[in-house]
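Chemist: In short: position in the first sequence from 1, add 8, done, that's the working numbering.
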Amino acid sequence: MSLHAPITFSFASTDVGRARLGRILTSHGGIDTPQFMPVGTQATVKALTPGDLRTAGAQMILGNTYHLNLRPTAERVARLGGLHRFMSWDGPILTDSGGFQVFSLAHLRRVDDDGATFTSHLDGSTHRLTPERAMEIQALLGSDIAMALDQLVDPGLPREQIVEAMERTHRWAERSLEARGRPDQAVFGIIQGGVDPSLRRMSATTISALPFDGIAIGGLSVGESKADMAATLNVVSDALGSDARPRYLMGVGSPVDFFAAVERGIDLFDCVLPTRVARTGQVWTDAGRLNLRNSAVQDDPGPIDPACACEACTNHSRAYLAHLFRARELLAYRLASVHNVTWTLELMRRLRESLTDGSFAPLRERVTAAFARTSAASGL
RNA sequence: GGGUAGGUUGAGCAGGUGGUGAGCUCCGCUGACUGUAGAUCAGCCGUCUUUCGACUGUGGGGGUUCGAUUCCCUCCCUGCCCA
């Protein structure tokens, strides 16, 4: 069997905790790590064009198996030349398997050992998602990295339910690998196990024993405390040891979370947060978060962030953005999203830089303090 | 000038035939959002009070009545019709 390596990895350990600095190469290009991937569930990062994403510095983006298969369907995307061509994004794409929808659309699906049956939120029709079908859909979409189907659950559930979902995820992981459809597509496995240290260790050992191209950590940032997330990452990091494959923390996240995770060896992140909060008027800056809908912003002639080089900060005032949001003008969503994605990717660039020049701790301190100061409850 | 329909908390409304009008939608204020059913959701939105709750409020004034948004008189304002 002579599969040409779909992606190659190169990581160098740094002296900051377990943080690693490296590069991942796919047939659609390379990405620097640690890296943040904007989420484009329905073949679009909401409110942004591929050009916007490029200018913002995006290297790899996400697409979604469940949503794209419901509409426009995987087969149609394949007929139209694959996801890259369909959405005009020529950089690397990672597709999520639909595992998150097993969680987020819990009331619209039924899970059994073989897979999950969904009632479509679009038209009520039923759709069967198995590990094999998830891999087939992702092969049709033609993403650079496919994710194994997993089952994540609320970490607050009784232990036996965490165990059941974890063991099911392990069985689905093996089936996903057996079903992998194309040699030029990498496949990542996903560690589950809630926030139980022994289960997380068991899951990390089980998943990393399989010939996946990368290891993902799922089931976090779903409501658990920051302390639980950090402790869980410690356990996983220990269990993975010197494993050289890329490590992807799914669904994270917030500016503060990046630091805690990178310090524990995470290479890849994805999250809807920067784009979602942007659409509701919240922007991120070096001074923390700012709600553009607050009444005082209406008279603020300055840019969102004077240090930011994005289109919104270069050409427009906070007052203008405040007006656009109040008037529900569509440009508000685009400009705020442009800024948050730009700022987040620039933060990741500075974070990478800090791993080599020793400024990781002070950078983290600055960002953490700024967001603690401007976040009423969550601290993000 | 005559007729007619109206006047309810920033706006627009609902309701109410003598027995507890603070209800809705906007607007506004604030918060939330972590592998996107999200340009969404939640709370507040007369005054005082953290809350409980208390008080005020149906165009103005007056009258009848134990009690008036309701019945009577009068005035003001708005729309429409007629002159």
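A virtual CB, placed ideally from N, CA and C, is assigned to each residue, including glycine.
The structure displayed is predicted, hence computed values, not measured ones.
Rounded to whole angstroms, what's the CA-CA distance from Ile39 to Ala317? Just pull it up for me.
Modeler: So the alpha carbons of these two residues sit roughly 21 Å apart.
Chemist: Under 7 Å, do Ala239 and Arg209 count as touching if we go by C-beta distance?
Modeler: For Ala239 and Arg209, no; Cβs fall outside 7 Å.
Chemist: Among residues of its own chain, excluding the 5 on either side of Gly37, which ones have a beta-carbon nearer than 6 Å to its beta-carbon?
Modeler: Closer than 6 Å at the Cβ level, and outside the excluded window around Gly37, lie Gly99, Pro100.
Chemist: Tell me which residues share the same chain as Val85 and place their Cβ nearer than 6 Å to its Cβ, disregarding the 5 neighbours each side in the sequence.
Modeler: Excluding positions up to five away in sequence, the list reads Leu91, Phe94, Leu149.
Chemist: Could you give the uninterrupted runs of the alpha helix (DSSP H) lying entirely in the stretch 141–203, keeping only those of 4 residues or more?
Modeler: Whole alpha helix (DSSP H) segments, 4+ residues: 167–186.
Chemist: Can you give me the C-alpha to C-alpha distance between Gly202 and Ser262, rounded to a whole angstrom?
Modeler: Cα-Cα distance, rounded: 20 Å.
Chemist: Could you work out which residue in Ala66, Ala304, Ala156, Arg374 is closest to Asp278 when comparing CA atoms only?
Modeler: For Asp278, the nearest C-alpha among the options comes from Ala66.
Chemist: As a quick exercise: from Ser245, Ser35, Gly197, pick the residue whose alpha carbon is nearest that of Arg176.
Modeler: Looking at the Cα atoms, Gly197 is the closest of the given residues.
Chemist: Looking only at C-alpha atoms, which of Trp292, Asp152, Asp308, Asp158 sits nearest to Thr382?
Modeler: Nearest C-alpha to Thr382: Trp292.
Chemist: Which residues in the same chain have their Cβ closer than 8 Å to the Cβ of Arg360, if we skip the five residues on either side of it in sequence?
Modeler: These residues qualify, in order along the chain: Leu29, Asp40, Thr41, Pro42.
Chemist: Checking 7 Å against the spacing of the C-beta atoms, do Asp121 and Thr138 come in under that value?
Modeler: No, the Cβ-Cβ distance between Asp121 and Thr138 is not below 7 Å.
Chemist: Which residues mark the beginning and the end of the alpha helix (DSSP H) in which Asp265 is found?
Modeler: That run of the alpha helix (DSSP H) goes 263–270.
Chemist: Are Pro282 and Val230 closer than 7 Å when you measure CB to CB?
Modeler: Contact flag unset, no.
Chemist: What residue ranges within the stretch 296–346 form continuous beta strand (DSSP E) runs of no fewer than 3 residues, ordered along the chain?
Modeler: The qualifying runs are 296–299.
Chemist: Can you check DSSP and say which residues form a bridge with Gln43?
Modeler: Partner(s): Leu276.
Chemist: Measure the beta-carbon distance from His324 to Leu343 and round it to whole angstroms, keeping in mind my assumption that it falls under 8 Å.
Modeler: Sure, about 6 Å apart at Cβ, within 8 Å.
Chemist: Taking just the CA atoms, how far does Phe108 sit from Gln193?
Modeler: Each residue's Cα considered, the two are about 21 Å apart.
Chemist: Please state whether DSSP places Gln4 in a helix, a strand or coil.
Modeler: Not covered by the structure: residue 4. The range shown for the chain is 9 to 388.
Chemist: Using 8 Å as the cut-off, can you tell me whether the stretch 69–82 makes contact with the stretch 297–315, which would need three or more C-beta pairs spanning the two stretches below that distance?
Modeler: No, because fewer than three Cβ pairs between the stretch 69–82 and the stretch 297–315 fall closer than 8 Å, the two stretches do not touch.
Chemist: Span of the alpha helix (DSSP H) holding Gln109?
Modeler: Per DSSP, Gln109 belongs to the alpha helix (DSSP H) from 107–112.
Chemist: Return the CA-CA distance between Pro58 and Met68, expressed in angstroms with no decimal places.
Modeler: Each residue's Cα considered, the two are about 11 Å apart.
Chemist: Taking the alpha carbon of Leu157 as the point to measure from, which residue in Glu168, Glu186, Gly132, Leu300 has its own alpha carbon closest?
Modeler: Selected option, being the one with the closest Cα: Glu186.
Chemist: What residue range is occupied by the uninterrupted alpha helix (DSSP H) comprising Arg26?
Modeler: It is not in any alpha helix (DSSP H) - Arg26 carries neither H nor E in the DSSP assignment.
Chemist: Please classify Thr352 as buried or exposed, where buried requires at least 16 neighbouring CB atoms within 10 angstroms.
Modeler: Thr352 comes out buried.
Chemist: Give the DSSP-derived three-state secondary structure of His115 in the structure shown.
Modeler: Three-state result, His115: helix.
Chemist: Between Ala320 and Arg334, what straight-line distance do the alpha-carbon atoms span, to the nearest angstrom?
Modeler: Whole-angstrom Cα-Cα distance: 17 Å.
Chemist: Have a look at Ser10 and Arg284 and give me their C-alpha separation to the nearest angstrom.
Modeler: Model confidence at Ser10 stands at a pLDDT of 39, short of 50, so the residue's coordinates are unreliable; what they give is reported in the following sentence. If I take the Cα positions, the gap works out to 42 Å.
Chemist: Give the range of the beta strand (DSSP E) segment to which Gly222 is assigned.
Modeler: Element bounds for Gly222: 222–225.
Chemist: Distance check for Trp180 and Pro191, CA to CA, integer angstroms please.
Modeler: Rounded to whole angstroms, Pro191 to Trp180 spans 20 Å at the Cα level.
Chemist: How should Thr214 be labelled, buried or exposed, when 16 other C-beta atoms within 10 angstroms of its C-beta is the threshold for buried?
Modeler: Under this definition Thr214 is a buried residue.
Chemist: Here's the rule I'm using: 16 or more other beta-carbon atoms within 10 Å means buried, otherwise exposed. How should Gln159 be labelled?
Modeler: It is buried - the Cβ of Gln159 has at least 16 other Cβ atoms within 10 Å.
Chemist: Let me make sure I understand the geometry here. Which of Lys234, Arg118, Asp204, Ser250 has the alpha-carbon closest to that of Glu168?
Modeler: Selected option, being the one with the closest Cα: Asp204.
Chemist: For Ala369, count neighbouring C-beta atoms within 10 Å of its own C-beta (all shown protein chains included) and say buried if the count is 16 or more, exposed if not.
Modeler: Looking at its Cβ environment, which holds fewer than 16 other Cβ atoms inside 10 Å, Ala369 is exposed.
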